[in-house]
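Colleague: Below you'll find the structure I mean.
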Ligand SMILES: Cc1ncc(COP(=O)(O)O)c(C=O)c1O
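Residue numbers (the working numbering): 332 to 823.
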């Protein structure tokens, strides 16, 4: 059969599309991507993924390569994360799926001896994936406030551990502030009450094992599950994470199985049915190529770049690093101890850094249930390749701060007041149809422009801070949904 369109033409267009993406390599994007800086590793991953391209990961009995690779990846992860013979696991499609499955497992395990609606206990800083899990799996979400530096007190979690708690979540470290939760204390308290304890090491799981921290993984006896993303500091292409669980009987609650339909018997360890084996094969290849020694070297590079950037930020008047970051992440807030005209708003700063060719991630301020406010911050994830741009990046961080020092933070209330439409009059919980939501987006200058981010993100985040969560969530949903409106392919 002749192709309707030549392959070269199709790929050329893809090349053009890719050229418009944020750069995935070279250390210019300090979130989302984890570049080892080793081109050979990317080639190996691509080749491994290509070799299993037609395989269906749904059925490791038919495609036995899937079972072999999964067992070996899990064996490596179990060793690195100090699991004993009781620890088993699954390779999932990413951090969110690992977190979802940790919650589903704990819920179903809890239901074996309890009834009613279970509660999910987590610090405010736990990843949003746990909010999603509580929503999908119908648990009551009990978010425990942290202090303004992102630290949660073990006693605050412990005091809420009642019989209805199916799972307590702690992070190693948490994404917004890079704090390492008090895992030993929380896991001990949970274990004493027979409550499952999940350590979310999605971001830290493949880097903290080679850095100096206290025990946080299966070396802590009350920890019942750990998630660790291969597609973050495991340097695998997107689509791979491990979820390890202690106790085979407990872990079986993760599975879904049915023989009660007229088709093939369904047994799924993860959320999907048919699935690709590419990310698994790529991860399997990468962990062998790097080994513990390779990971250790890459972790050392991340740690040294993080220390260097921490020192650079400490030296910038008007900014400060929040809390006590553990691992290659930094969260940067305004230093309110200096006079107003010397302060640097972290979001103006991030926008100014962007014009210098580096993309940092803006995080909104939030007010917790106890009224304690967590500051507006800018997030940096540091990867091995950061080392190669350290001087340029440091210069950009410093000169951007010079540029915006003394510029008043955007007041979300004023942004709201200046809008051509009155968003404040929207009744809380009002149902917005998609046409109205689009109209509102248009009124605030969003919803068009082919999906590119606005040049400055600070006003958008200030707006998110000022709007009720329900409304900002609805508007952002509309924004994203409009990006995938069906369109025709380009004419031949
Ligand atoms: C601590 C933590 N948990 C979970 C996730 C979710 O991972 P993913 O984006 O792979 O679904 C992340 C992502 O950054 C994370 O940092």
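Even glycine gets a Cβ: it sits at the ideal position worked out from N, Cα and C.
What is the DSSP secondary structure of residue 559, reduced to helix, strand or coil?
Modeller: Strand, per DSSP.
Colleague: So who's on the other strand from residue 499, going by DSSP bridges?
Modeller: Its beta-bridge partners are 452, 528.
Colleague: State the DSSP-derived secondary structure class of residue 625, mapped to helix, strand or coil.
Modeller: Looking at residue 625 - three-state DSSP - the assignment turns out to be helix.
Colleague: How is the beta strand (DSSP E) around residue 473 delimited, first residue to last?
Modeller: Residues 471-475.
Colleague: Check whether the Cβ of residue 460 sits closer than 8 angstroms to any heavy atom of ligand 1, and report yes or no.
Modeller: Yes.
Colleague: Roughly how many whole angstroms lie between the Cα atoms of residue 725 and residue 647?
Modeller: Looking at the two C-alpha atoms, the distance is approximately 10 angstroms.
Colleague: Determine the extent of the alpha helix (DSSP H) in which residue 420 is found, giving its start and end residues.
Modeller: Run containing residue 420: none in the alpha helix (DSSP H); it sits in the beta strand (DSSP E), 418-423.
Colleague: By alpha-carbon positions, which one of 817, 482, 492 ends up nearest to residue 509?
Modeller: Comparing Cα-Cα distances from residue 509 to each of 817, 482, 492, the minimum goes to 482.
Colleague: Among 542, 343, 637, which has the Cα closest to the Cα of residue 719?
Modeller: Here the closest residue by C-alpha is 637.
Colleague: Report all residues from its chain with a CB closer than 6 angstroms to the CB of residue 435; omit the five preceding and five following residues, and keep chain order.
Modeller: Closer than 6 angstroms at Cβ, skipping near neighbours: 468.
Colleague: Express the C-alpha separation of residue 681 and residue 504 in angstroms, rounding to a whole number.
Modeller: If I take the Cα positions, the gap works out to 23 angstroms.
Colleague: When burial is assigned at 16 or more other CB atoms within 10 Å of the CB, is residue 707 buried or exposed?
Modeller: Under this definition residue 707 is a buried residue.
Colleague: Could you check if residue 513 is buried or exposed, using at least 16 other CB atoms within 10 Å of its CB as the buried criterion?
Modeller: By the 10 Å Cβ count, residue 513 comes out buried.
Colleague: For a quick check, are the C-beta atoms of residue 666 and residue 650 less than 9 angstroms apart?
Modeller: Yes, they are a contact pair.
Colleague: Taking C-beta to C-beta, are residue 501 and residue 524 nearer than 9 angstroms?
Modeller: It is not a contact, given that the beta carbons lie outside the stated cut-off.
Colleague: Scan the segment 734-772 and note each continuous alpha helix (DSSP H) run of 4 residues or more that stays entirely inside, going in chain order.
Modeller: For the segment 734-772, whole alpha helix (DSSP H) runs of length 4 or above, ordered along the chain, are 743-749.
Colleague: Alpha carbon to alpha carbon, how far is residue 475 from residue 386? Give it in angstroms, no decimals.
Modeller: About 43 angstroms.
Colleague: At the level of alpha carbons, what is the spacing between residue 774 and residue 752?
Modeller: Distance between the alpha carbons of residue 774 and residue 752: 6 angstroms.
Colleague: Helix, strand or coil, according to DSSP, for residue 712 in the structure here?
Modeller: The answer is strand: DSSP assigns residue 712 an E or B state.
Colleague: Residue 420 and residue 408 look like a contact to me (Cβ under 8 angstroms); what is the Cβ gap, rounded to whole Å?
Modeller: Yes, they are in contact, since the Cβ atoms of residue 420 and residue 408 sit about 7 angstroms apart, within 8 angstroms.
Colleague: Let me know if residue 779 comes out buried or exposed under the rule of 16 or more other beta-carbons within 10 Å of its beta-carbon.
Modeller: Exposed, since its Cβ has fewer than 16 Cβ neighbours within 10 Å.
Colleague: Among residues of its own chain, excluding the 5 on either side of residue 765, which ones have a beta-carbon nearer than 8 angstroms to its beta-carbon?
Modeller: Within the same chain, residue 765 has close Cβ partners 809, 812.
Colleague: Quick one: what's residue 468 bridged to in DSSP?
Modeller: In DSSP, residue 468 forms no bridge with anything.
Colleague: Determine the direct distance from the alpha carbon of residue 412 to that of residue 375, and round the result to whole angstroms.
Modeller: Their backbone Cα atoms lie some 25 angstroms apart in a straight line.
Colleague: Would you say residue 448 touches ligand 1, meaning its beta carbon is less than 8 angstroms from a heavy atom?
Modeller: No - ligand 1 has no heavy atom lying nearer than 8 angstroms to the Cβ of residue 448.
Colleague: Can you check the segment 768-823 for any alpha helix (DSSP H) of at least 4 residues that lies completely inside it and give the ranges in chain order?
Modeller: You should have 789-797, 800-814.
Colleague: State the start and end residues of the unbroken beta strand (DSSP E) segment that holds residue 577.
Modeller: Segment 572-577, the beta strand (DSSP E) holding residue 577.
Colleague: Is residue 401 near ligand 1, judged by its Cβ being under 8 angstroms from some heavy atom?
Modeller: No - ligand 1 has no heavy atom lying nearer than 8 angstroms to the Cβ of residue 401.
Colleague: Would you check if there are 3 or more beta carbon pairs closer than 8 angstroms linking the segment 696-713 to the segment 670-684?
Modeller: Touching, per the Cβ criterion.
Colleague: Please indicate yes or no: does the CB of residue 609 lie closer than 8 angstroms to some heavy atom of ligand 1?
Modeller: No, the Cβ of residue 609 stays beyond 8 angstroms of every heavy atom of ligand 1.
Colleague: Near residue 404, which residues of its chain fall below 6 angstroms by C-beta distance, leaving aside the five closest residues on each side in sequence?
Modeller: Answer for residue 404: 422, 614, 615, listed in chain order.
Colleague: With H, G and I counted as helix, E and B as strand and the rest as coil, what does DSSP make of residue 514?
Modeller: Correct three-state label for residue 514: helix.
Colleague: Start and end of the alpha helix (DSSP H) containing residue 407?
Modeller: Segment 395-411, the alpha helix (DSSP H) holding residue 407.
Colleague: Note the first and the last residue of the continuous beta strand (DSSP E) segment covering residue 665.
Modeller: It spans 660-665 - the beta strand (DSSP E) in which residue 665 sits, taken as one unbroken run.
Colleague: I need the DSSP call for residue 427, collapsed to helix, strand or coil.
Modeller: Residue state, collapsed to three classes: helix.
Colleague: Under 8 angstroms, with one C-beta from each stretch per pair, do the segment 651-660 and the segment 687-701 reach the 3-pair mark?
Modeller: No: fewer than three Cβ pairs fall under 8 angstroms.
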